[in-house]
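In the numbering used here, the protein residues as written are 109 to 415.
Please read the structure below before turning to the comments.
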């Protein structure tokens, strides 16, 4: 039986802080997760239209083994500038890999497409995301709001406002796992035109209202509901971070990111489409000091798709 952490936020994983900043006029924003110490990381991209920065270095065969922060941003490709703002804030604090007398903060990033949500995108010569990233990094803490905030500010789904969500799970092994997602899919998180969530059977407590599945199931439950069906290739993507305080290798962090995509499949239909840039970053802080036995590792990967 899964149980939530004390905050039911990703910051229940020791060694992580989250900061958000939003521009209401723009209807967009930035979320960053800053690691107290460099964290082992991985990534898995299953959407067909991703927008990323510094994700190649996370592959297990490459040299960088740990990172300093992760950025989730609105703004489509323009939003990748947010990582530069987070880098600037970290550098001011002396954080980064030392290379030839210089410090370089390692800050992978991913974006979602929120340009069609009605916000004022007439930002002049340069987009505002670098400044938004800096502000998000300055605002980090262990408690933070959810919903229409940060990278979820302008997020939408088919038939329902999207946004920023977070949760945590404590396993019998003593390991904590946490998730953070900016939900902006082309698909729907609810069944047909009802208030019932696709993920309802897997809720912990009453996080989805305790409604379960509708009975009887609506006749149109199998109808594919898409946001912006007129131009489905613009306006989507769900990006997430799955984190744990277990001790993991880079390869195991990659596997954790892969497993976390099960949560997308449980909660969104359709997902991982050619019109989504769906992606999961994985972080392992190692703060628990627990190196998982094989059976406990299976539990961790299972929880990644259920948190």
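From the three backbone atoms N, C-alpha and C, an ideal C-beta is built for every residue, glycine too.
Problem set entry | Meets three-Cβ-pair contact criterion under 8 Å: the region 171-187 and the region 131-151 | yes
Exercise. Of the choices 414, 232, 385, 161, whose alpha-carbon is the least far from that of residue 294?
Worked result: 385
Problem set entry | Residue burial classification, residue 388 (beta-carbon count within 10 angstroms, cutoff 16) | buried
Exercise. Around the Cβ of residue 86, are there at least 16 other Cβ atoms within 10 angstroms (buried) or fewer (exposed)?
Worked result: Residue numbering for the chain in the displayed model covers 109 to 415; residue 86 lies beyond these limits and cannot be assessed.
Exercise. For residue 211, which residues from the same chain have a beta carbon less than 8 Å from its beta carbon, with the 5 sequence-adjacent residues on both sides left out?
Worked result: 199, 202, 203, 204, 205
For this session: Round the Cβ separation of residue 135 and residue 226 to the nearest angstrom and send it over; I've been treating them as touching at under 8 Å.
Result: 6 Å
For this session: Could you name the residues of the same chain whose beta carbon sits closer than 6 Å to that of residue 404, not counting the 5 residues immediately before and after it, in chain order?
Result: 281
Exercise. Would a C-beta distance cut-off of 8 Å place residue 276 and residue 112 closer than the cut-off?
Worked result: yes
Exercise. In three-state DSSP terms, what is residue 228?
Worked result: coil
For this session: Helix, strand or coil for residue 122, going by three-state DSSP, please let me know.
Result: coil
Problem set entry | Cα-Cα separation, residue 334 to residue 401 | 42 Å
Exercise. Which value, in whole angstroms, describes the spacing of the CA atoms of residue 195 and residue 241?
Worked result: 9 Å
For this session: Examine the Cβ distances between the region 151-163 and the region 308-320 and report whether three or more of them are shorter than 8 Å.
Result: no
For this session: Ignoring anything shorter than 3 residues or poking outside the region 162-220, list the beta strand (DSSP E) runs there in chain order.
Result: 174-181, 205-207, 210-212, 217-219
Exercise. Taking the alpha-carbon positions, what's the residue 329 to residue 122 distance?
Worked result: 40 Å
Exercise. Quick one, are the C-beta atoms of residue 367 and residue 413 less than 8 Å apart?
Worked result: yes
Exercise. Going by the CB atoms, is the gap between residue 185 and residue 159 shorter than 8 Å?
Worked result: yes
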